[in-house]
Amino acid sequence: MMRYLVRRLGHAFFLLAGASVLAFLFTALAPGTYFDEMRLNPQIAPETVAALRAQYGVDKPLPLRYASWLNSVLHGDMGFSFAYNGPVAPLLVVRARNTLLLTITSTLFAWAIALPLGVWSAERLGRLSDRLLSWGTAVLLVIPDVALALGLLIVAVRSGSFPTGGMASVDFETLSPANKLRDLALHMILPVTALVLSTLPLLVRHVRASVADVLDAPFLLAALGHGIPKRTLLYRYALPAAANPLISLFGFSIGVLLSGSLLIEVVMSWPGLGPLLLEAILARDLYVVIGGMLFSTFFLVGGNLFAGEQRTMRVRRVLTRWLVTLGVLHGIVGFAGFFAPYDPVEQDRKSPYLPPMRFHLIDGQGHFHARPFVYALKLREGSFDRYVENTTEPQPVRFFMKGARYRLLGFLPCRRHLFGLENTRIYLLGTDAYGRDQLSRLLFGGQVSLLAGLLGAGITLSIGLCIGAVAGSFGGWRDSLLMRLAELFMALPWLYVLFAIRAFLPLAVSPLRAFFLIITVIGIVGWARPARLVRGVVLSAKERDFVRAARGFGATHGYLFRRHILPETSSVLLTQAAILIPQYVLAEMTLSFLGLGVPEPVPSWGNLLSSLQQYSVLVSYWWIYLPALAMVPFFLGYLGLASSLQERGAAYKIESRIWGI
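Residue numbers (numbering that gives the first Met the number 0): 0 to 660.
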């Protein structure tokens with residue numbers, strides 16, 4: 000046992016050391032530093048800037064900077080924060096404590112809810128209640144974290160029952176110990192709820208699958224035959240028998256929540272590592288970025304020390320249904336110019352924050368109209384920002400009418416739109432602060448976000464296929480080296496890594512360059528998991544009987560790989576594509592939502608929701624949240640597709656034997 004523990008601790012130390020090296024390699028790619036912005040200040044002399052650069056060694060070679068940073072780590076400083084004018088470690092310790100408080104509390108609550116729900120669902124496997132719970136968790140699983148957090152904020156603002164941000168009230172220091180604890184608990188309700196809801200579906204599905212696998216075990220049937228009550232049977236016998244993979248999952252759930260807490264902390268204004276990292280990125284405070292990434296990696300590696308090597312999730316769906324659903328949704332987005340009534344950047348300054356219009360078939364006098372119509376909106380009497388329908392002005396909807404010019408599929412000039420109005424404008428999802436149509440921005444933004452997901456997944460799978468194929472085919476030192484590198488990347492919390500890499504890239508770039516930077520960064524970050532899966536498939540396929548027979552007949556290694564081994568990876572690659580595309584779309588949304596991704600006026604699903612960070616918008620204009628709900632079918636479709644491919648592809652089941660994810 001001691002030998003195993005020492006080996007795992009040594010492995011964790013290797014991962015942390017590798018993460019620090021990667022972080023400093025990223026800094027070498029940074030186009031500027033904190034002091035470059037000081038040069039733009041006319042009150043600061045160039046000699047002062049040069050002296051500061053020399054004092055903090057930012058112009059030294061990379062190995063010397065890394066050695067200097069290691070020395071500061073040994074002294075407990077972890078570098079110097081230029082923005083806060085002090086050592087990094089004290090900043091990180093305070094923020095990490097807050098993040099840990101949020102993460103551990105959320106983990107305990109999530110498991111306390113997931114265990115009884117999963118056992119209850121497994122006991123009713125296949126019944127209506129089980130199917131309803133499965134669908135409920137599926138819908139909850141595909142709601143973006145940012146939409147979930149913003150939705151909770153809207154509920155809190157409307158109800159007025161919970162604090163909407165921060166960690167403590169203004170008069171916190173004057174409260175008694177009991178009231179301080181109560182105040183802290185009230186401030187934790189919203190972020191903990193958001194984190195619990197974001198991770199609960201996966202936990203429930205895993206508990207359900209693990210318990211369902213052991214319900215037919217002979218010892219349970221024998222216990223049932225001896226008259227042991229079903230409740231006792233489930234919790235005293237079945238749940239302990241299924242505990243091994245669940246204990247493994249517990250460590251991974253901490254890491255998942257830690258990575259997810261970054262965005263929740265920013266949206267909920269929780270003073271954790273997330274807001275600190277975002278501030279450091281915007282200020283180019285690189286040592287804080289490096290320290291934040293290493294702290295999060297340390298917590299994730301600590302959680303993984305408890306993790307084992309089993310993970311299963313089976314959700315039966317009809318593959319064709321999901322393919323058709325995704326095909327229709329992508330077709331609507333692909334032909335956004337036809338389905339969108341207006342140009343996404345076209346502004347109507349007379350109609351800022353206009354609420355959604357509704358289709359009608361029956362007018363105010365009770366008359367039926369075969370052609371749908373909408374009512375024009377007018378300001379309510381005595382109000383300057385509240386609109387009501389003007390029932391005296393019905394506007395019939397015209398179909399296939401000419402409107403703003405656009406390029407169908409990017410190159411065919413066209414003016415036909417699916418619907419519109421002749422004398423005024425129609426806003427089915429309302430307008431934003433500049434009077435831009437929300438529906439048009441949703442559809443055109445989907446082109447940007449989905450393209451980022453598709454191209455990012457293509458980069459990831461290409462890198463993963465090449466590295467996994469080399470590792471599985473050649474073995475030896477190549478395999479060991481590549482898999483240790485893959486373990487290093489898998490041990491890094493991907494959202495923190497994504498932020499850290501983005502910090503070392505230019506902040507102010509053109510929309511096209513920003514788009515390709517995001518795709519490249521997202522694609523490079525996630526190659527490790529597909530590489531390990533491809534390696535496992537290649538190792539398994541090399542020992543198949545038909546491959547051995549072909550080798551015996553004199554087939555070359557290249558022929559065997561092209562004709563027999565490489566096709567075996569198709570199931571893994573397709574399933575990974577269905578998993579990675581929505582994950583990378585969410586990554587692009589997160590970056591753009593926080594102002595680090597695709598800039599305005601180019602629409603994307605991330606910057607479409609960015610105005611909800613303003614309290615006045617969150618409180619007054621509920622329709623700005625509608626695009627987030629419209630995105631849910633896309634993620635639900637990819638979830639169903641991935642589950643179907645996972646169920647049908649036998650090769651994908653190698654995942655549970657080669658790496659616990």
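Virtual Cβ for every residue (Gly too), placed ideally from N, Cα, C.
Legend entry - Minimum length 3: unbroken beta strand (DSSP E) runs contained in the region 109 to 191: The qualifying runs do not exist here; there are none.
Inset, instruction - Within its chain, find whatever has a CB closer than 6 Å to the CB of ARG316; leave out the 5 residues flanking it on each side and keep chain order. - result: Only weak support is given to the placement of ARG316: the predicted model assigns it a pLDDT of 41, under 50, and the value that follows is read from those uncertain coordinates. Within the same chain, Cβ atoms closer than 6 Å to the Cβ of ARG316 are found at GLY639, SER642 and SER643, the five residues on either side in sequence being excluded.
Legend entry - Integer-rounded CB distance, given that TRP269 should sit under 8 Å from ARG190: It is Pro, not Arg, that sits at residue 190 in the sequence shown. Indeed, because the Cβ distance is near 5 Å, the residues count as touching under 8 Å.
Inset, instruction - Specify the secondary structure class of GLY409 as computed by DSSP and reduced to three states. - result: GLY409 falls in the coil class under three-state DSSP.
Legend entry - Rounded straight-line distance, which links the Cα of ASP58 to that of VAL48: The alpha-carbon of VAL48 is positioned some 12 Å away from that of ASP58.
Inset, instruction - Taking LEU90 and VAL287 to be in contact with their CB atoms under 8 Å, please state how far apart those CB atoms are, rounded to whole angstroms. - result: Between VAL287 and LEU90 the Cβ distance is about 7 Å, and since that is below 8 Å, they are a contact.
Legend entry - Boundaries of the alpha helix (DSSP H) in which GLU587 is found, first to last residue: GLU587 -> alpha helix (DSSP H) spans 569 to 592.
Legend entry - Sufficient close CB pairs (3 or more, under 8 Å) joining the region 109 to 117 to the region 272 to 292: Proximity of the region 109 to 117 to the region 272 to 292 falls short of the contact definition, fewer than three beta-carbon pairs being nearer than 8 Å.
Legend entry - Reduced DSSP category for LYS229 - H, G, I as helix; E, B as strand; rest coil: LYS229 falls in the helix class under three-state DSSP.
Legend entry - 7 Å Cβ cutoff met for ALA241 and VAL213: Contact flag set, yes.
Legend entry - alpha helix (DSSP H) segment containing ILE466, residue limits: Its alpha helix (DSSP H) spans residues 437 to 473.
Legend entry - Cβ-based burial, SER158 [other Cβ within 10 Å; buried from 16]: Label assigned to SER158: exposed.
Legend entry - Secondary structure of LYS59, DSSP reduced to three states: Looking at LYS59 - three-state DSSP - the assignment turns out to be coil, as it is neither helix nor strand.
Legend entry - Beta bridge counterpart(s) of ASN389 as assigned by DSSP: DSSP, once it has assigned bridges, lists ALA375 as partnering ASN389.
Legend entry - Separation of LEU61 from ARG207, as counted between CA atoms: Going from the Cα of ARG207 to the Cα of LEU61 covers about 50 Å.
Inset, instruction - Grab me the residues of TYR65's own chain with a C-beta within less than 7 Å of its C-beta, minus the 5 sequence neighbours each way, in chain order. - result: Around TYR65: PHE23.
Legend entry - Same chain, Cβ closer than 7 Å to ARG404, neighbours up to 5 away in sequence not counted: So the qualifying residues of the chain are PRO412 and ARG414.
Legend entry - Cβ neighbours of PRO115 in the same chain (closer than 6 Å, five flanking residues each side left out): Cβ neighbours of PRO115 beyond the five flanking positions: none.
Inset, instruction - Count the other CB atoms, across all protein chains shown, that sit within 10 Å of the CB of ALA548; report buried if there are 16 or more and exposed otherwise. - result: ALA548 is exposed by the Cβ-count criterion.
Legend entry - Of the listed residues ILE188, GLU122, ALA470 and SER448, nearest to ALA237 (C-alpha basis): Nearest C-alpha to ALA237 among ILE188, GLU122, ALA470 and SER448: GLU122.
Legend entry - Selection from GLY226, ILE263, VAL145 and HIS205 that minimises the alpha carbon distance to MET166: Residue ILE263 is the option with its Cα nearest to MET166.
Legend entry - Beta-carbon proximity of PRO395 to ARG370, cut-off 7 Å: Taking 7 Å as the Cβ cut-off, PRO395 and ARG370 qualify as a contacting pair.
Legend entry - Boundaries of the alpha helix (DSSP H) in which HIS556 is found, first to last residue: Its alpha helix (DSSP H) spans residues 556 to 559.
Inset, instruction - Determine which residues share a DSSP beta bridge with ARG415 and list them. - result: BP columns for ARG415 point to LYS401.
Legend entry - Candidates ALA470, LEU487 and ASP347: closest to TYR426 by CA position: Comparing Cα positions, the closest option is ASP347.
Inset, instruction - Would you mind giving the Cβ-Cβ distance between GLN446 and VAL332, rounded to the nearest angstrom? I have them listed as a contact below 8 Å. - result: Confirmed, about 6 Å.
Inset, instruction - Given a cut-off of 7 Å, decide if LEU481 and ILE466 are closer than it, judged by their beta-carbon atoms. - result: Their beta carbons are under 7 Å apart, which means ILE466 touches LEU481 by this criterion.
Legend entry - Backbone secondary structure at ILE43 - three-state DSSP: It is coil, neither helix nor strand.
Inset, instruction - Can you say whether PRO239 is buried or exposed, counting buried as having 16 or more other CB atoms within 10 angstroms of its CB? - result: Burial call: exposed.
Legend entry - For GLY452 and GLY17, the rounded distance between their alpha carbons: The straight-line gap separating the alpha-carbon atoms of GLY17 and GLY452 is approximately 28 Å.
Inset, instruction - Could you give the DSSP three-state label for ILE425: helix, strand or coil? - result: The three-state reading of DSSP puts ILE425 in coil, since its state is none of H, G, I, E or B.
Inset, instruction - Just mark VAL556 as buried or exposed, buried being the case when its beta carbon has 16 or more other beta carbons within 10 Å. - result: Residue identity differs from the one stated: residue 556 is His in this sequence, not Val. Exposed.
Inset, instruction - For my contact list, TRP604 and SER448 are in at a C-beta cut-off of 8 Å; report their separation, rounded to the angstrom. - result: So it is a contact: roughly 4 Å between Cβ atoms.
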